[in-house]
Amino acid sequence: MKKALFSILILTVSIWPYSIHDGSFYSNYTNEAMEYRVIIPASYDSITTNGGKVPVVYMLHCLGGDLDYNINSHIDLLEMIDSYDFLIAMVYDGSGGKWWLDSPVRTYSQMSSVIGKEFPLLIDSVFVTLQSRDNRGLTGHSMGGYGSMHNLRNHPDVFSAAFSSKGMCDMMGSGAYYHLENLLGEYDTDSVEWHKRDLVTQADDFKDIDMSLKFYSGDLDIFGEENRDFSENLTAAGITHVHYDDNAEGHSPMGAHNVKIMLDFFDSTITKQPSVTRTGFRRLQPLHTTNTYAVALATFLPQTAQITFHLVNGRHVQYQGRAPISFTPVIYKH
1 MKKALFSILI
11 LTVSIWPYSI
21 HDGSFYSNYT
31 NEAMEYRVII
41 PASYDSITTN
51 GGKVPVVYML
61 HCLGGDLDYN
71 INSHIDLLEM
81 IDSYDFLIAM
91 VYDGSGGKWW
101 LDSPVRTYSQ
111 MSSVIGKEFP
121 LLIDSVFVTL
131 QSRDNRGLTG
141 HSMGGYGSMH
151 NLRNHPDVFS
161 AAFSSKGMCD
171 MMGSGAYYHL
181 ENLLGEYDTD
191 SVEWHKRDLV
201 TQADDFKDID
211 MSLKFYSGDL
221 DIFGEENRDF
231 SENLTAAGIT
241 HVHYDDNAEG
251 HSPMGAHNVK
261 IMLDFFDSTI
271 TKQPSVTRTG
281 FRRLQPLHTT
291 NTYAVALATF
301 LPQTAQITFH
311 LVNGRHVQYQ
321 GRAPISFTPV
331 IYKH
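Heads up, the sequence shown is in the numbering used here, so the first residue is 1 and it goes up one at a time.
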């Protein structure tokens, strides 16, 4: 039986003017407790005490990285964060090398599911956040850069923007060097698993996603050529994106200039407020002998066709409709 998702709040460190919150939660997808960290800008309290909510950027660490290195590899990140009004949330993958993907050969190495299913729900339960794909972004360096783009593709209903810093893009090239057979199986027998997680050859996967995508590399970076190949394939497929080269920067760390470009990118893409909401009622039948209604705030969102209701009696009811409506339900009975 799967254990329920929960959070153990370990520590909130006040470092004026921003603050850092550390915690942990049990993951059904890794079968272990996972450590996480949230960087909270100085504006968070004033925004939320006045009834506002904030966007969230999910920052994925690099190969061999952890929560501390994730911050240290982004030069001057903490010095800049108070100029922005979004949280930065990060989780440690438990080993530093799970590549932010769901492994078909390791049952409890399902990091894409952690990032797209569990972790945002946790963050939304602990902090006062804008709980829409339009207000969530992904970023990361190296392995984390790959993970940010891969999970934008994997979870377009959860995230709307990604910024990759010198991320791996060529699963069959660079991926072989990093022994991804441990996560994907041997290429000779499991090549399909490799190809469907690749970025360079699977650029078409991004075609139908309403997204903002920006990534960079450079001549001094080990992934420079494959980033350019990925960009060329996106362009050939008619997919809007921004790619640039920084030929003065090596693979690590991410320089302060590019950190600011990343922060400005999210400031321009995920900080828009949600659309006007309306109150909606829909009769649900049958449900024993009582009349039960789902009373909800209906937010009109693009490319959303499924409405899911979670009722207080534990039943799970789905309504499949054409109208692009997302419901946050409250249950009323009589």
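Glycine residues also receive a C-beta, built at the ideal position from the N, C-alpha and C atoms.
Remember, predicted model here, so these are calculated numbers, not experimental data.
Environment of residue i [buried if 16+ CB atoms lie within 10 Å]
{"i": "residue 121", "result": "exposed"}
{"i": "residue 51", "result": "exposed"}
{"i": "residue 76", "result": "exposed"}
{"i": "residue 196", "result": "exposed"}
{"i": "residue 236", "result": "exposed"}
{"i": "residue 98", "result": "buried"}
6 Å Cβ shell around residue i - same chain, five flanking residues per side excluded
{"i": "residue 147", "result": "60, 100, 140"}
{"i": "residue 220", "result": "250"}
{"i": "residue 214", "result": "163, 242, 265"}
{"i": "residue 17", "result": "42, 82"}
{"i": "residue 223", "result": "166, 168, 217"}
{"i": "residue 55", "result": "86, 130, 135, 270, 271"}
Span separating the alpha-carbon of residue i from that of residue j
{"i": "residue 57", "j": "residue 269", "result": "11 Å"}
{"i": "residue 285", "j": "residue 86", "result": "Confidence in residue 285 is poor, its pLDDT being 38 and thus under 50, which makes the residue's placement too unreliable to answer from."}
{"i": "residue 228", "j": "residue 190", "result": "26 Å"}
{"i": "residue 272", "j": "residue 226", "result": "32 Å"}
{"i": "residue 204", "j": "residue 46", "result": "42 Å"}
{"i": "residue 166", "j": "residue 31", "result": "30 Å"}
{"i": "residue 302", "j": "residue 136", "result": "Low confidence applies here, because residue 302 scores a pLDDT of 41, under 50, leaving its location unreliable; read the following figure in that light. Answer to the nearest angstrom: the Cα atoms are 15 Å apart."}
{"i": "residue 181", "j": "residue 187", "result": "7 Å"}
{"i": "residue 123", "j": "residue 89", "result": "8 Å"}
{"i": "residue 172", "j": "residue 44", "result": "42 Å"}
{"i": "residue 80", "j": "residue 91", "result": "21 Å"}
{"i": "residue 202", "j": "residue 49", "result": "44 Å"}
{"i": "residue 185", "j": "residue 105", "result": "6 Å"}
{"i": "residue 138", "j": "residue 126", "result": "19 Å"}
{"i": "residue 256", "j": "residue 175", "result": "28 Å"}
Cβ neighbours of residue i in the same chain (closer than 7 Å, five flanking residues each side left out)
{"i": "residue 84", "result": "41, 263, 267"}
{"i": "residue 116", "result": "151, 154, 155, 158"}
{"i": "residue 335", "result": "Only positions 1 to 334 of the chain appear in this structure, which leaves residue 335 out of reach."}
{"i": "residue 246", "result": "216, 218, 258"}
Residues that DSSP places opposite residue i in a beta bridge
{"i": "residue 34", "result": "25"}
{"i": "residue 61", "result": "DSSP, once it has assigned bridges, lists no residue as partnering residue 61."}
{"i": "residue 110", "result": "102"}
{"i": "residue 69", "result": "Residue 69 is not bridged to any residue."}
{"i": "residue 244", "result": "216"}
{"i": "residue 54", "result": "129"}
{"i": "residue 87", "result": "56"}
{"i": "residue 74", "result": "254"}
Cβ-heavy atom distance, residue i to the ligand PLP, below 8 Å
{"i": "residue 205", "result": "No copy of the ligand PLP appears in this structure; indeed no ligand is present at all."}
Close-in-space but distant-in-sequence residues of the same chain around residue i (CB under 8 Å, 5 per side omitted)
{"i": "residue 110", "result": "29, 30, 102, 103"}
**Request:** Output the residue ranges of the beta strand (DSSP E) runs that lie fully inside the segment 124 to 169 and measure 3 residues or longer, sorted by chain position.
**Result:** If we require 3 residues or more, the beta strand (DSSP E) runs fully inside the segment 124 to 169 come out as 136 to 141, 161 to 165.
**Message:** Extract the residue ranges of the beta strand (DSSP E) inside the segment 182 to 240, only unbroken runs of 3 or more that lie entirely within it.
**Reply:** Segments of the beta strand (DSSP E) lying fully in the segment 182 to 240: 212 to 217.
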